[in-house]
Each structure stands twice: as C-alpha cells, then as structure tokens.
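Have a look at the structure below, then the notes.
There are 2 protein chains.
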Amino acid sequence: MTELTIGIDGGGSSCRAAVADATGRILGRGTAGPSNILSDLENSLVNIVASAKNALSDAGLSPETVSSVSAVIGVAGANVGDYGERIERALPFARRRVVTDATTALQGALGDGDGVIGAFGTGSVYNARHNGRLYGIGGWGFVVGDQASGARLGRDLLEQSLLAHDGVLPSSPVTRTVLAEYGDDPERLVEFAHVARPNDFARYAPIVFQAAAEGDPVATAIVKNAITSIGESLDALLWPECDAICLLGGLAKAYRPWLSERHAALLREPKGDVLQGAIDLAIKFLREEGKGAA
Amino acid sequence: MTELTIGIDGGGSSCRAAVADATGRILGRGTAGPSNILSDLENSLVNIVASAKNALSDAGLSPETVSSVSAVIGVAGANVGDYGERIERALPFARRRVVTDATTALQGALGDGDGVIGAFGTGSVYNARHNGRLYGIGGWGFVVGDQASGARLGRDLLEQSLLAHDGVLPSSPVTRTVLAEYGDDPERLVEFAHVARPNDFARYAPIVFQAAAEGDPVATAIVKNAITSIGESLDALLWPECDAICLLGGLAKAYRPWLSERHAALLREPKGDVLQGAIDLAIKFLREEGKGAA
C-alpha cells in the first residue's frame, strides 16, 4: 500500500490533507481542526491524523490505511527545538517526513524553482529558496514584528485615528469613520485596543486598503509604510539573478498594486497553495522511497 | 481648625500629602500606597486618607484632624464619568476638592501662568493651560498611543533589533547589545515582548538615550522619531503667544537636548512637582474658604 502518499498542511486554523498516488493523481481530500504544535502538541497530532483519515475515507479507503501509507506534513514550528522529531515519532504513517510550513509554502508557490515568497495575512513572513537552501525572516508577531501584517495595518489605523482625534495629525475620512465606530469616544477605542488580539486588529486591514485606493491620505501613508517594510524584507532575501517573487496570503492581492516597479517586475503567480506544496513533497517522498527499495 | 489644608498627589505608585497653613508654610508630609481610582477605587480612597493622616502626624497633629481640615486631591481619572464626585463624597475632609493629576501637574510646573507641559515616563501625555482653560492630549497607553513614552522607546528598540537580526536593516552596537541579552536568540526576545508590560519595555529607554548620545544610528533614529511626535503634540497645544513649555517625568532631561530649537526656546524649568501643585491649590482653596466666610 506504500504506493499511496498523503500531503498534509497542518495549519493554524485547520489541517488539510490529500491522498495521491505515485503519478500525482489526487484520490481524496480531508480536513480537521487546527494544528498549533508549539501551544498544543497533543491536539495538533490528533487533528493532523484526523485530516489524513478523512482524506483516505474520501478516497474510499479505510481510515486504518494511515499505517501503511507515507506522508509529508508541513507545520509551523517544526524547526523549533526537537518538535519536528517528536512529531515524526508520534505519527502513525508507515513513513513520514515533517517539514516547516515555509517549506510547503515555497514548494507550493515556486515548485522546484528558486525564488522568494512573502505571506501577508494576520501576520507577515518571508521565505526564500536559493540553490536549494531555505532562508526565512520575519513572522515575529505583531508586538515587535510583522510590519506588513493585517494586525499592524489595523493597529496603525487606530493609532493614527487617536492622533487625529487629538488634533496632532490631520484627520481623514478613514480616521473619522474609525472614531465614529467608537461613538467618537477615544476611550472606547483605547479599551478595544488594549484587549484586541492580532486578528481583531487585522479586521481593519481591508478598510485601510479600501480607503487607500480611494486616496485617503492617512490610509495611503499606512500602506506605503508597510510597502517600504515589504521592500526592505524582499531585498534582504533577493539575490541578483533571482527572477521570482510570489506574494501569498489574504492581503497579497491588496498589496500587489503598491509594490515598487523593481519588485513588481519579478512577480509570479504562485503555482499552488501550501497544501499543493505538501502534496508535491509527499509524491517526491513516495518516489524516493520507491527508488530506495529498487 | 480649617486654617489648615492638605494637598494630596494621588499617584499611581504612591499617594503623597503635605499639610500647610494659610501662609503656605508646610507643617508635615506623609505618604501611603498607590491610588488608581479607575481600577481600585476603594483602596485608592484608603491610601489617599492614609497619606493625609500621616502628614498630620508628621505635623504633630492627631490623625483625626482630617475631619476638620480642607484638602485638594489630584488623581488621574477624576474627569472620567462621575469618579470625581464619588471621591469627593467619600473623603472625610471638612471640605475637599478633587481635580485631575493634569491640573495639579500644570499648577506645580507653571504656577498660575499659562503654558504647555509634556510628561514622559512609562507613558507620555501633554496638557496646556490657556486663559485659565485646560486642554489635554495623548496618554492613551502604549499599544496605540504614548508615542514618546519609555514603553514605546523600548518596544521600538526590540523591533529594530529583530529587523537587524533578520538583515532587513543594518545592525548597530545597541541592537547587538539587545540581541546578546537574549543569547542572540530572536525567539527569546519575542517571548519577552509578548508578555512584557509597558514598564518592562520602558526599562530599555535609558539604553536608547545612552546609545543615541554615543551616536548609535538605530538609537538616534528611535529618539528622533519620538522627538518628531513630541514636536507634533506640542504644536497641537501651543498658541502664538505661548512662552512656556515644561518637560516633566523621568525622561524629560533625556529628551531636552533633542528638542527642536523652536520648542527649546520656550523651555522653562518647572516651578514645582505635582505635589507642589496640589499644595498650591489647597492653599488657594483654603483662602477662598476664608473669603467665603468673611
């Protein structure tokens, strides 16, 4: 049965899995709850396995088949301490390889090629593959990092709205909209900000982009500030011959028109998503296995 | 016994009180625990009264004298909802007046004159008195405000240190020192930042100023950024004829040499501190009382 393999994206909001054969044909797909291995290893393992079993069921196979297939699992934090090894040991697949979510995202977006990816959602993080080696920067969370994240865009908007309320900086349509949302009471805005989590701040990101597209000066300055940070981070990873940049995540499309010409010239559509990257790696893994046995 | 009066600074780290007579002579001083009326009204009231009783004891008087003296109490939050009234009702003094800490800080720094004050400690806040009217901006906390606070200086330093670690921005002596403090492990720095409270970040403020004084480019940029924010906030409160700016708080001295020439030209030494402001107001209050009775 090791002619089947499973690619798994162990993501922070859900685990997604797909069963494929050695030709790359996808036979079934499954999802399960989230994987956050650094904060909850036990449930993450349960959900990773559940997504695989659901994919096997979807392919018309018994969930118990997990113990006779190979699998590649991409999870955030696999490179932290001995987490990767611990997960590999704990999983029930006949053969398994645990890699970081950066590895699966790079594989999904770039296939086997070299290039740089930037992912922009609630957080922001950058990865590169150059001559087969992986490099990663950013992703340190919104308190002291993630400068181009949705969370930071939202936090910036609230900060600028307070400065506009105080008359320290000019107000704009978007700062007036934000203050109106809190009944023009800055104390209510501050109360929200002091309990808000990154995804609470990030819900303002679409509002920032919408206002910037309409020429709002405060929103435009916030987006330009984030774009400067994106440019600096891409430059930290780029090398002279690199000809591929992929922007990923929920805010990728919104950032695209703001990117510098120099970086925009290198933009490529991602070949596939993170799960596709995990599937690709799972198929390679299966083929290696085949060769090893030959 | 109403020829005696007590000025009280109900501060967030301690309450300080002084007993004075109508001529302004200080007869005794006392301290007690903190006052944070918005988060713990009951204990704040206990500490305010305790500081007054301690001041009376210091003056050789019975603590019970509280019920026959007048008092002015300055506390943060006295202008929020009905807190001011509730405190006035609850306090045992023969006559009492509750004002905000901005009022006592302005009185202490400027006496009866007009002017603008900026206070820089763990937080940052600005107040002005113009033709007897009070104006206040800032002080919204470090998450979305307090741009020139010690907490923001520290948070900025940690953020720049991570960017330097990632090679996104050039490193400097101070970013290398910060990273070394965390064993050159950015994850340890991020862990600290995610549990740090404003005063934890603020402990880096002296390091930022020291490095900036030595010409460190990262620290210099952080201080200049804060000074830009200070300039914008002062300008929001200043009026053409205003000729007095006082900088208060633990970071006031450190910011002084960085201030723009235009603002530096208006700098005045504060006449006294917040407690002195409370004492001044308490003496005025006592004299008003005397006039009222005449």
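Just so you know, the sequences run in chain order A and B.
Going left to right, the first sequence walks through residues 942 to 1235 as the working numbering numbers them.
Going left to right, the second sequence walks through residues 942 to 1235 as the working numbering numbers them.
Backbone N, C-alpha and C define an ideal beta-carbon position, used for all residues, glycine too.
Given the structure is predicted, the values throughout are model-derived calculations rather than measurements.
Legend entry - 7 Å Cβ cutoff, A/Ala-1105 in contact with chain B: Your numbering for residue 1105 of chain A matches position 164 in the first sequence. No, A/Ala-1105 does not count as interfacial toward chain B.
Legend entry - Proximal residues to A/Phe-1150 (C-beta, below 7 Å), its chain only, five neighbours per side dropped: Residue 1150 of chain A sits at position 209 when you count from the first residue of the first sequence. For A/Phe-1150, where only same-chain residues beyond five positions count, the Cβ hits under 7 Å are Val-1164 and Ala-1195.
Legend entry - Residue-level contact to chain A via CB, B/Val-960, 7 Å cutoff: Working through the second sequence from its first residue, we reach residue 960 of chain B at position 19. Judged by the 7 Å Cβ criterion, B/Val-960 is not in contact with chain A.
Legend entry - Proximal residues of chain B, C-beta to C-beta of A/Pro-1127 below 8 Å: Position 186 of the first sequence, counting from 1, holds the residue named residue 1127 of chain A. Simply Trp-1081.
Inset, instruction - Check the Cβ-Cβ distances between B/Glu-1210 and every residue of chain A, and say whether any is below 7 Å. - result: By one-based count along the second sequence, residue 1210 of chain B stands at place 269. Taking Cβ atoms only, chain A never reaches closer than 7 Å to B/Glu-1210, which makes this a no.
Legend entry - One or two residues paired with A/His-1204 in a DSSP bridge: Locating residue 1204 of chain A in the first sequence gives position 263, counting from the first residue. For A/His-1204, which the question treats as bridged, DSSP gives no partner whatsoever.
Inset, instruction - Could you spell out the range, first to last residue, of the beta strand (DSSP E) harbouring B/Thr-1006? - result: Here residue 1006 of chain B refers to the residue found at position 65 of the second sequence. Looking at the DSSP string, B/Thr-1006 is not in any beta strand (DSSP E), and its letter there is neither H nor E.
Inset, instruction - Taking the CB atoms as reference points, tell me whether B/Cys-1187 and B/Ile-1078 lie closer together than 7 Å. - result: Within the second sequence, residue 1187 of chain B is the residue found at index 246, counting from 1. Within the second sequence, residue 1078 of chain B is the residue found at index 137, counting from 1. No.
Legend entry - the stretch 1156-1179 of chain A: positions lying closer than 7 Å to chain B by Cβ: Glu-1173, Ser-1174 and Ala-1177
Legend entry - Within 7 Å, strictly: CB atoms of B/Ala-963 and B/Leu-1227: Reading the second sequence from its first residue, position 22 is the one you call residue 963 of chain B. Reading the second sequence from its first residue, position 286 is the one you call residue 1227 of chain B. Contact: yes.
Legend entry - 6 Å CB neighbourhood of A/Val-1215 in its chain, flanking five on each side removed: Residue mapping note: residue 1215 of chain A aligns to position 274 of the first sequence, counting from 1. Taken in chain order, the residues that qualify are Asp-950, Thr-1045, Ala-1046 and Gly-1049.
Inset, instruction - List the residues of chain B that A/Val-1115 touches, going by C-beta distances under 9 Å, in chain order. - result: Taking the first residue of the first sequence as 1, we reach residue 1115 of chain A at position 174. Within 9 Å Cβ-Cβ: nothing; A/Val-1115 doesn't reach chain B, min ~15 Å.
Legend entry - Bridge-paired residues (DSSP) for B/Ser-1011: Your numbering for residue 1011 of chain B matches position 70 in the second sequence. Its beta-bridge partners are B/Thr-946 and B/Arg-1036.
Inset, instruction - Return the CA-CA distance between A/Asn-1020 and B/Glu-1202, expressed in angstroms with no decimal places. - result: Within the first sequence, the letter at position 79 stands for residue 1020 of chain A. Within the second sequence, the letter at position 261 stands for residue 1202 of chain B. Distance between the alpha carbons of A/Asn-1020 and B/Glu-1202 is about 52 Å.
Legend entry - the stretch 1142-1156 of chain B in contact with the stretch 1108-1127 of chain B per 3-pair CB rule at 8 Å: yes
Inset, instruction - Quick one: give me the first and last residue of the alpha helix (DSSP H) that B/Val-1066 is part of. - result: Your numbering for residue 1066 of chain B matches position 125 in the second sequence. From DSSP, B/Val-1066 is part of no alpha helix (DSSP H) but of the beta strand (DSSP E) over 1065-1071.
Legend entry - Span separating the alpha-carbon of B/Asp-1184 from that of B/Leu-1208: Looking up residue 1184 of chain B in the second sequence gives position 243. Looking up residue 1208 of chain B in the second sequence gives position 267. Answer to the nearest angstrom: the Cα atoms are 8 Å apart.
Legend entry - is_contact[A/Gly-1056, chain B] using C-beta, thresh 7 Å: Counted from its first residue, the first sequence places residue 1056 of chain A at position 115. No, no contact with chain B.
Legend entry - Within-7 Å CB hit, B/Gly-1086 to chain A: Position 145 of the second sequence, counting from 1, holds the residue named residue 1086 of chain B. So, interface residue.
Inset, instruction - Tell me whether A/Gly-1062 is buried or exposed, calling it buried when 16 or more other Cβ atoms sit within 10 Å of its Cβ. - result: Against the first sequence, residue 1062 of chain A aligns to sequence position 121. With 16 or more Cβ atoms within 10 Å of its Cβ, A/Gly-1062 is classed as buried.
Legend entry - Cα-Cα separation between B/Val-1159 and B/Glu-1230, rounded to whole angstroms: Counting from one through the second sequence, the residue named residue 1159 of chain B turns up at place 218. Counting from one through the second sequence, the residue named residue 1230 of chain B turns up at place 289. Each residue's alpha carbon lies about 56 Å from the other.
Inset, instruction - State yes or no: is the C-beta of B/Thr-1095 within less than 7 Å of the C-beta of B/Leu-1192? - result: Mapped onto the second sequence, residue 1095 of chain B falls at position 154. Mapped onto the second sequence, residue 1192 of chain B falls at position 251. Reading off the sequence, residue 1095 of chain B comes out as Gly, not Thr. Against a cut-off of 7 Å, the Cβ pair of B/Leu-1192 and B/Gly-1095 comes out as no contact.
Inset, instruction - Note down, in chain order, each residue of its chain lying with its Cβ closer than 8 Å to the Cβ of B/Phe-1034, except the 5 sequence neighbours on either side. - result: Here residue 1034 of chain B corresponds to residue number 93 of the second sequence, with the count starting at 1. Only Ile-947, Ala-993, Val-1007, Ser-1008, Val-1010, Ser-1011 and Ala-1012 meet the Cβ criterion.
Inset, instruction - Determine the DSSP secondary structure at A/Arg-970, reduced to helix, strand or coil. - result: As a position in the first sequence, residue 970 of chain A is number 29, starting the count at 1. Correct three-state label for A/Arg-970: strand.
Inset, instruction - Decide if A/Pro-1139 is buried, meaning its Cβ has at least 16 other Cβ atoms within 10 Å, or exposed. - result: For the purposes of this step, residue 1139 of chain A is identified with residue 198 of the first sequence, where counting begins at 1. Result: buried.
Legend entry - Backbone secondary structure at A/Arg-1061 - three-state DSSP: Indexing the first sequence from 1 puts residue 1061 of chain A at position 120. For the sequence presented, residue 1061 of chain A should be read as Phe rather than Arg. The answer is strand: DSSP assigns A/Phe-1061 an E or B state.
Legend entry - Beta-bridge partners of A/Tyr-1076, as assigned by DSSP: Indexing the first sequence from 1 puts residue 1076 of chain A at position 135. Answer is A/Ala-1069, bridged to A/Tyr-1076.
Legend entry - Outcome for B/Thr-1041 when other beta-carbon atoms lying within 10 angstroms are tallied against a minimum of 16: By one-based count along the second sequence, residue 1041 of chain B stands at place 100. With 16 or more Cβ atoms within 10 Å of its Cβ, B/Thr-1041 is classed as buried.
Inset, instruction - Using a cut-off of 8 Å between C-beta atoms, extract the partners of B/Ile-1078 located in chain A. - result: Position 137 of the second sequence, counting from 1, holds the residue named residue 1078 of chain B. By Cβ distance, chain A contributes Asp-1107, Gly-1108 and Val-1109.
Inset, instruction - Would you verify that the beta carbon of B/Val-1136 is, or is not, closer than 7 Å to some beta carbon of chain A? - result: Your numbering for residue 1136 of chain B matches position 195 in the second sequence. For B/Val-1136, the answer is no, since every Cβ of chain A falls outside 7 Å of its Cβ.
Inset, instruction - Could you tell me if B/Arg-957 is buried or exposed, where buried requires 16 or more neighbouring beta carbons within 10 angstroms of its beta carbon? - result: Within the second sequence, the letter at position 16 stands for residue 957 of chain B. Burial call: buried.
Inset, instruction - Find the nearest neighbour of B/Asn-988 within the set B/Leu-997, B/Asp-999, B/Thr-972 and B/Asp-1126, judged by alpha-carbon distance. - result: Here the question's residue 988 of chain B lines up with position 47 in the second sequence. Considering only alpha carbons, the answer is B/Thr-972.
Legend entry - Contacts of A/Leu-1099 in chain B (Cβ-Cβ under 8 Å): Locating residue 1099 of chain A in the first sequence gives position 158, where the first residue counts as 1. Simply Val-1085.
Legend entry - As assigned by DSSP and simplified to three states, the class of A/Asp-1176: Walking along the first sequence from the start, residue 1176 of chain A turns up at place 235. Helix at A/Asp-1176.
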